[in-house]
Amino acid sequence: MTDFADRHVRLLGLISLGLLIVAGYLALIWSPPDVEQHDAMRIMYVHVPAVWTAYLAFFLVLISSVMYLWKRDPKWDHLAAASAELGVLFTALTLAAGSIWAKPIWGVWWTWDPRVTTTAVLFVIYVGYIMFRAMQPDAAARAKQAAVIGIIGFIDIPVVHMSVLWWRSLHQGPTLQGLNGPTLDPRMEIALLVNTVAFTILFFFLLAQRLHLAQTEARQEAALQDVLSHA
Amino acid sequence: MHDWLYVALAYLVVWGAIALYTWALKRRIVQARAVAEYAGQVAEGSPGAAQEGLECDAPPAP
Chain H
837 MTDFADRHVR LLGLISLGLL IVAGYLALIW SPPDVEQHDA MRIMYVHVPA VWTAYLAFFL
897 VLISSVMYLW KRDPKWDHLA AASAELGVLF TALTLAAGSI WAKPIWGVWW TWDPRVTTTA
957 VLFVIYVGYI MFRAMQPDAA ARAKQAAVIG IIGFIDIPVV HMSVLWWRSL HQGPTLQGLN
1017 GPTLDPRMEI ALLVNTVAFT ILFFFLLAQR LHLAQTEARQ EAALQDVLSH A
Chain W
30 MHDWLYVALA YLVVWGAIAL YTWALKRRIV QARAVAEYAG QVAEGSPGAA QEGLECDAPP
90 AP
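Heads up: the sequence lines are chains H and W, in that order.
Position in the first sequence (first residue = 1) + 836 = the numbering used here.
Position in the second sequence (first residue = 1) + 29 = the numbering used here.
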């Protein structure tokens, strides 16, 4: 990574840290408790941004995978790998925060609710994507086959999102959408929006770092191939 | 009070996991740079490269 990129990535990291602190204040102190869920509802301010960030990450995997299959440029494969890892992280956080929220609200840590189950399937799909990449030693074959998996895996995203509308679900429906507009208190909306922006900037900071790692490891792989071929 | 315990647990898990991942990622980058540089030196036949060792937490990510 050049000094130019490094400085800007570091700035992005500082901005995301500052914004996360503000977002935390809004979520934990400034926003009001919910009428029904009381203070347990504050978990929404990390749960919803986490799932949004996971969707963003997997959408990037989809775009990168398509671009790789079209252009066969390794940089798209590196971007897909980096995004997938972050997507798995944020999906895991979605499930964890959701589980902790479920205990005081639904009375259970886990249920085979459609939204919860399809999100768990999403997690397994992309863990499988990462495991597949680890097992395939040939870089070109790995990139091509992972791209196909990355495109097919994205099919679960609309299933996750629509599950609360298609099937009977304990999970609440869309928070900000509806014929009558948003259903949240305006202060809750602001806190949720700021947290979502904070998580998004954090995602791009981590993506830049993880992408740099992917590119460094590609150089490493090429250098090791060179050593082995001359051995 | 009961609700705040769950809120605290959720925030600890989420922010803690993000902090841990960020720290681990930074460490992986430093180690990957060292390995790439070392491999480059070995490929070029640099005399000093064979004498030094490298310590890594894990094999390269896929």
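In this text, a Cβ means the ideal position worked out from N, Cα and C, and glycines have one as well.
When the five nearest sequence neighbours on each side are left out, the beta carbons in the same chain lying within less than 6 Å of the beta carbon of Ser919/H are those of Ala893, Leu896 and Val897, in order along the chain. For Asp875/H, the secondary structure class from DSSP, reduced to helix, strand or coil, is helix. Within the model, the alpha-carbon separation for Ala876/H versus Val64/W is close to 46 Å.
Taking a Cβ-Cβ cut-off of 8 Å, the neighbours of Leu38/W in chain H comprise Ile936, given in sequence order. Taking a C-beta distance under 8 Å as the contact criterion, Ser901/H and Ala916/H qualify as a contact pair.
In this structure, Val845/H keeps its C-beta atom at 8 Å or more from the C-beta atom of Gln1051/H. For Arg843/H, no CB of chain W lies under 8 Å from its own CB, so it is not counted at the interface with that chain. Gln1061/H sits exposed, since fewer than 16 C-beta atoms from the chains shown fall within 10 Å of its C-beta.
Take Val1033/H, set aside five residues on each side of it, and the residues of its chain with a beta-carbon closer than 7 Å to its own are Leu855, in chain order. Gln1056/H has its alpha-carbon roughly 8 Å from the corresponding atom of Glu66/W. Neighbours of Thr1052/H across chain W, judged by C-beta separation under 8 Å: Ile58, Ala61, Arg62 and Ala65. Scanning Thr947/H, Gly934/H, Ala983/H and Thr953/H for the CA closest to the CA of Lys907/H turns up Ala983/H. Contact between the region 917-936 of chain H and the region 958-975 of chain H is present: three or more C-beta pairs spanning the two stretches fall below 8 Å. Per the C-alpha coordinates, the member of Phe926/H, Ile991/H and Leu1049/H positioned closest to Ala46/W is Phe926/H. Straight-line spacing of the CA atoms in Leu850/H and Ile1037/H works out to 10 Å.
When the alpha-carbon of Ala932/H is set against those of Asp32/W, Ala39/W and His31/W, the nearest one is in Ala39/W. Along the region 989-1053 of chain H, the alpha helix (DSSP H) occurs as fully enclosed runs of 4 or more residues at 992-1002, listed in sequence order.
Secondary structure of Asp909/H (DSSP, three-state): coil.
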